[in-house]
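Using the numbering used here, the first residue of the sequence shown is number 331, and each one after it goes up by one. Even for Gly, the Cβ is constructed at its ideal location relative to N, Cα and C. Here is the structure we will look at.
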Amino acid sequence: MSLGATEETHTSVAAPVGVAASPAPVVQAPAADEAELPLIGLSDKAAEKIVEIRGEENIEDTYALRLKVQGGGCSGFSYDLYFDQPQDTDRSFEIKGVKLMCDQMSLMYLVGTEIDYVEGLHGAGFKFNNPNVKSTCGCGSSFSV
331 MSLGATEETH
341 TSVAAPVGVA
351 ASPAPVVQAP
361 AADEAELPLI
371 GLSDKAAEKI
381 VEIRGEENIE
391 DTYALRLKVQ
401 GGGCSGFSYD
411 LYFDQPQDTD
421 RSFEIKGVKL
431 MCDQMSLMYL
441 VGTEIDYVEG
451 LHGAGFKFNN
461 PNVKSTCGCG
471 SSFSV
């Protein structure tokens with residue numbers, strides 16, 4: 331079952347003699363017109379920059395941008411972004427015309443994250459606004475959950 335999905339369940343319980351059985355609770359699946367919430371968000375500026383980089387580097391259409399969380403850094407985890415071929419175990423999705431993919435382990439840490447592209451006095455780059463992060467290192471390149 332995919333993340334965020336609900337499953338309809340029915341439980342059958344025999345009631346003792348003389349006691350009426352109460353109906354089992356039923357979890358209703360979302361209505362067909364309810365859109366599934368995106369697992370990861372992408373700002374307009376980040377989407378534009380990804381498209382720009384794809385064009386400048388002549389990245390083939392069969393490649394998608396891999397979002398990855400890996401062990402390392404002074405706080406325990408760090409982010410990685412790169413164009414890659416999808417694997418069978420990846421979760422693939424498209425946001426604002428950008429093909430993204432993520433392995434299941436990384437997705438577990440990235441659910442609810444908004445990716446932005448920022449330019450400032452300290453340089454430019456992609457910024458992960460991750461609600462799951464409990465602390466970051468002083469340089470801001472790694473995090474812990």
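**Message:** Is the beta carbon of Gln417 closer than 8 angstroms to that of Thr392?
**Reply:** Taking the sequence shown and counting its residues from 1, one reaches residue 392 at position 62. Taking the sequence shown and counting its residues from 1, one reaches residue 417 at position 87. Against a cut-off of 8 angstroms, the Cβ pair of Gln417 and Thr392 comes out as no contact.
Subject >> Residues bridged to Gly455 (per DSSP) >> reply: Translated into the one-based positions of the sequence shown, residue 455 becomes position 125. According to DSSP, Gly455 bridges with Val448.
Just reading off the alpha helix (DSSP H) that Glu382 is part of, what are its end residues? Against the sequence shown, residue 382 aligns to sequence position 52. Where Glu382 is concerned, the enclosing alpha helix (DSSP H) stretches over 374-386.
Could you pull out every residue in the same chain whose Cβ sits closer than 6 angstroms to the Cβ of Tyr447, ignoring the five residues on either side in sequence? Position 117 of the sequence shown holds residue 447. Around Tyr447: Lys375, Ala376, Lys379, Phe456.
- [ ] Give the DSSP bridge partners of Ser428, in chain order.
- [x] As a position in the sequence shown, residue 428 is number 98, starting the count at 1. The sequence given here has Val at residue 428, not Ser. DSSP, once it has assigned bridges, lists Ile425 as partnering Val428.
Practice problem: Find out if the Cβ-Cβ distance for the pair Asn460, Leu430 is shorter than 8 angstroms. | Solution: Along the sequence shown, read from residue 1 onward, the residue named residue 460 stands at position 130. Along the sequence shown, read from residue 1 onward, the residue named residue 430 stands at position 100. No, these two residues do not count as a Cβ contact at 8 angstroms.
Check your understanding: Is it the case that the Cβ atoms of Phe458 and Tyr409 are separated by a distance below 8 angstroms?
Key -> Residue numbering aside, residue 458 sits at position 128 when the sequence shown is read from its first letter. Residue numbering aside, residue 409 sits at position 79 when the sequence shown is read from its first letter. Against a cut-off of 8 angstroms, the Cβ pair of Tyr409 and Phe458 comes out as a contact.
Query - CA-to-CA distance, Val428 to Arg384, given in whole angstroms - result: Translated into the one-based positions of the sequence shown, residue 384 becomes position 54. Translated into the one-based positions of the sequence shown, residue 428 becomes position 98. Each residue's Cα considered, the two are about 10 angstroms apart.
Express the C-alpha separation of His452 and Ser422 in angstroms, rounding to a whole number. Walking along the sequence shown from the start, residue 422 turns up at place 92. Walking along the sequence shown from the start, residue 452 turns up at place 122. One C-alpha to the other measures close to 32 angstroms.
Quiz item: Between which two residues does the beta strand (DSSP E) harbouring Leu411 extend?
Solution: Counting from one through the sequence shown, the residue named residue 411 turns up at place 81. From DSSP, the beta strand (DSSP E) with Leu411 extends over 407-414.
Kindly indicate which three-state DSSP category Leu397 falls into: helix, strand or coil?
For the purposes of this step, residue 397 is taken as the residue at position 67 of the sequence shown. In the structure shown, Leu397 sits in a strand (DSSP, three-state: E or B).
What separation, rounded to the nearest whole angstrom, lies between the Cα atoms of Ile445 and Lys464?
Numbered from its first residue, the sequence shown carries residue 445 at position 115. Numbered from its first residue, the sequence shown carries residue 464 at position 134. When rounded, the distance between both Cα atoms is 17 angstroms.
If you count every other CB in all the chains shown that lies within 10 Å of the CB of Val381, and 16 or more means buried, which is it?
The residue given as residue 381 occupies position 51 in the sequence shown. Exposed.
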